[in-house]
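Structure first, commentary second.
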Amino acid sequence: SHKSSKREWKPLEDHSCTDVPWLLLFILFCVGMGFICGFSIATGAAARLLSGYDSYGNICGQKNVKVEGIVNSGLDLTHKKYVFFLDPCNIDLVHQKIKSIALCVSACPRTELKTLADVQKFAETNGSTLCSYELQPSEYTTDPRAAKLCPKYPVPESAPIPFFHRCAPVNISCYAKFAEALITFVSDSSVLHRLISGVMTSKEIIMGLCLLSLVLSMILMVIIRYISRVLVWILTILVILGSLGGTGVLWWLYAKQRLSASALETQLAKDNLQALLIYAIAATVFTVILFLIVLIMRKRVALTIALFHVAGKVFIHLPLLVFQPFWTFFVLILFWTYWIAVLLFLGTTGSPVPNEEGFVEFQMAGPLKYMWWYHIVGLIWISEFILACQQMTVAGAVVTYYFTREKRNLPFTPILASVNRLVCYHLGTVAKGSFIITLVKIPRMILMYIHTQLKGKENACARCMLKACICCLWCLEKCLTYLNQNAYTATAINSTNFCTSAKDAFVILVENALRVAAINTVGDFMLFLGKVLIVCSTGLAGIMLLNYQRDYTIWVLPLIIVCLFAFLVAHCFLSIYEMVVDVLFLCFAIDTKYNDGSPGREFYMDKVLMEFVENSRKSMKEAGRGGGAEGRELKPMVGADEE
1 SHKSSKREWK PLEDHSCTDV PWLLLFILFC VGMGFICGFS IATGAAARLL SGYDSYGNIC
61 GQKNVKVEGI VNSGLDLTHK KYVFFLDPCN IDLVHQKIKS IALCVSACPR TELKTLADVQ
121 KFAETNGSTL CSYELQPSEY TTDPRAAKLC PKYPVPESAP IPFFHRCAPV NISCYAKFAE
181 ALITFVSDSS VLHRLISGVM TSKEIIMGLC LLSLVLSMIL MVIIRYISRV LVWILTILVI
241 LGSLGGTGVL WWLYAKQRLS ASALETQLAK DNLQALLIYA IAATVFTVIL FLIVLIMRKR
301 VALTIALFHV AGKVFIHLPL LVFQPFWTFF VLILFWTYWI AVLLFLGTTG SPVPNEEGFV
361 EFQMAGPLKY MWWYHIVGLI WISEFILACQ QMTVAGAVVT YYFTREKRNL PFTPILASVN
421 RLVCYHLGTV AKGSFIITLV KIPRMILMYI HTQLKGKENA CARCMLKACI CCLWCLEKCL
481 TYLNQNAYTA TAINSTNFCT SAKDAFVILV ENALRVAAIN TVGDFMLFLG KVLIVCSTGL
541 AGIMLLNYQR DYTIWVLPLI IVCLFAFLVA HCFLSIYEMV VDVLFLCFAI DTKYNDGSPG
601 REFYMDKVLM EFVENSRKSM KEAGRGGGAE GRELKPMVGA DEE
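Note that UniProt numbering numbers the sequence shown so that position 109 is 109, with each residue one more than the last.
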């Protein structure tokens, strides 16, 4: 073991490339993603998506090739650039498409057309025929087929969607049915209309409040180190008071029931009494256990506070860390946009096949059907990869900060140095870590899909088992994410590959299991309180600002939007804080394991953490003198509190 400790943690001494095969695999995978995009564009899907196509397989705005067995295919539609749906409001939610004949027209109807005569007049004046190709404008009012081949009237006023040449109804209430299917509680479209107009009228306020939540999050990042101690004690007192109060109430109810039940000797009263007694005893046991946990964890809480304090200092030394969520979010949005674009291309890829109504559908034949799956795996893996890159960057920067004795000698921007290290050496490790998460995520997604499909079927047992499996996979995913985070930290310190890093980190975490538990429970709760604080303050400001609008139904949506945004922003910022605390903890654990403060093995840690170590050593000595657990658990508080 002595040799292994020599081999082990050598902070930042040598950099070597890690997990190269995984990087190659990941690059191959990305090339595959690119191939899917290229294939869908090459097969004309992009043109179909952007220019639009009619029900007969013609692309609008160009000459087309004849499709076997389809009438009206292969037309020259150079002048007809817009897609017009005969019945645009008939949306089929199951197959996610508009159930209506689509035609290419030269202009969208800019006014409401109430009768067929209006449609005919529009065709004659604007030269835009809104009925199917086989009818001449002069036949609109005379031909008996017009009922089926002409638009459903009144034809709503419509305008082309920018970039996608589709005519869409201007009035949103057309989609009220569609919205109703999504939001069942909005029964009449007037409420929906008022809600939407409410959002539109107060959009400046919404923007302002979103900015406010950003500013508040940034301020909280700076102050949290000063208020962490107060937060912890408030939390502890609340927990204890809550459990005491609950137990007290239960015993009081029991006593009351006991006195009143002595008169009534019924079976029901006896059962009630027994149930209350059991509850009260259970609550008492729970409270006692909670007290013991608080007593044992008290010392460990001091470490959490110290770590939060140091994390605050890290943010002052590395201010760019605060902007970390921004660029991660930006990269994710770019990738998701690309992904959705390719997904839409895939939806219109394939060869034209006539369906039962005599219209054209595009379907992919053979093995190309499975491109969807590849594309979906790509979404999960690459998104996880981007998030893992963020974790690795943060870990690299914090490790550099922690293991640099002279803080003056820090690189100019440790973040950029860390990104540089990540790109040059550790991309493979990140690819491997994110792949492991993907492996757990995909089965969970499949099970969730099956679970939603079983909703109507009355098979409670199967659904319960599915629920259990989903929960287990979710827990596994959370644990793996935490382990990955620590593995990336170990990689940043030692430049070892993923498996070695994960093993080393795991050993350290197991050795400090109680501390890990304390930091994760107390620390997470503090950050949760921080999120609640930001959401509440933004919400309060929102209520103050929206107060001038007397129509209270309008309030709801802007407030919900603002609070959701505030929560997301707070979550992004505080998750960075959480990462920093986790990385610091691993560094601290390694530091205390391999250094003892003697000459030649000096600690790297900050003086706040040093005080914590000194205090716990002092208390150990006193416990040795005083003997018994009493002294050991109670003494350190005195030392830990003086700071």
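Even for Gly, the Cβ is constructed at its ideal location relative to N, Cα and C.
{"Query": "When the Cα atoms are used, what is the spatial distance from Phe315 to Ser575?", "Result": "13 Å"}
{"Query": "Which first and last residues belong to the alpha helix (DSSP H) in which Cys131 is found?", "Result": "Element bounds for Cys131: n/a, residue is neither H nor E."}
{"Query": "Classify Asp591 as buried or exposed, calling it buried when 16 or more other Cβ atoms lie within 10 Å of its own Cβ.", "Result": "buried"}
{"Query": "Figure out for me which residue from Ser202, Phe26, Glu68, Trp22 has the closest Cα to the Cα of Leu546.", "Result": "Ser202"}
{"Query": "Measure the CB-CB distance between Asp19 and Lys478 and report whether it falls below 8 Å.", "Result": "no"}
{"Query": "Under the three-state reduction of DSSP, which class applies to Ile59: helix, strand or coil?", "Result": "strand"}
{"Query": "Short of 7 Å in beta carbon distance, which residues of its chain neighbour Ser537, apart from the five on each side in sequence? Order them along the chain.", "Result": "Leu216"}
{"Query": "Determine, using beta carbons only, whether Leu130 and Val155 come nearer to each other than 8 Å.", "Result": "yes"}
{"Query": "Is the CB-CB distance between Val83 and Gly52 below 8 Å?", "Result": "yes"}
{"Query": "Count the other CB atoms within 10 Å of the CB of Trp233; is the residue buried (16 or more) or exposed (fewer)?", "Result": "exposed"}
{"Query": "Give me the Cα-Cα distance between Pro558 and Gly198, rounded to the nearest whole angstrom.", "Result": "7 Å"}
{"Query": "Can you tell me whether Asp76 is helix, strand or coil according to DSSP?", "Result": "strand"}
{"Query": "Give me the Cα-Cα distance between Tyr594 and Leu387, rounded to the nearest whole angstrom.", "Result": "31 Å"}
{"Query": "By how many angstroms is the C-alpha of Leu24 removed from the C-alpha of Cys424?", "Result": "14 Å"}
{"Query": "In three-state DSSP terms, what is Pro169?", "Result": "strand"}
{"Query": "Measuring only the C-alpha atoms, how far is Leu305 from Ile470?", "Result": "Here residue 305 turns out to be Ile, not Leu, going by the sequence shown. Cα to Cα, the separation comes out at about 35 Å."}
{"Query": "As a quick exercise: from Val239, Leu235, Ala280, pick the residue whose alpha carbon is nearest that of Gly248.", "Result": "Ala280"}
{"Query": "Give the straight-line distance between the Cα atoms of Ala47 and Phe164, rounded to the nearest whole angstrom.", "Result": "10 Å"}
{"Query": "Under 8 Å between the Cβ atoms of Ala146 and Ser158?", "Result": "no"}
{"Query": "Grab me the residues of Ala541's own chain with a C-beta within less than 7 Å of its C-beta, minus the 5 sequence neighbours each way, in chain order.", "Result": "Leu209, Leu212"}
{"Query": "Judging by CA-CA distance, which residue of Ala487, Cys17, Phe35 is the nearest neighbour of Trp339?", "Result": "Phe35"}
{"Query": "Is the beta carbon of Thr438 less than 8 Å from the beta carbon of Ile380?", "Result": "yes"}
{"Query": "Would Leu75 pass as a contact of Asn64 if the rule is Cβ separation under 8 Å?", "Result": "yes"}
{"Query": "Under 8 Å between the Cβ atoms of Val310 and Ile240?", "Result": "no"}
{"Query": "Out of Phe588, Ile59, Ser138, point me to the one whose CA is closest to Leu103's CA.", "Result": "Ile59"}
{"Query": "Is Leu235 helix, strand or coil by DSSP?", "Result": "helix"}
{"Query": "Compare the Cα-Cα distances from Ala570 to each of Leu529, Phe585, Met364 and report the closest residue.", "Result": "Leu529"}
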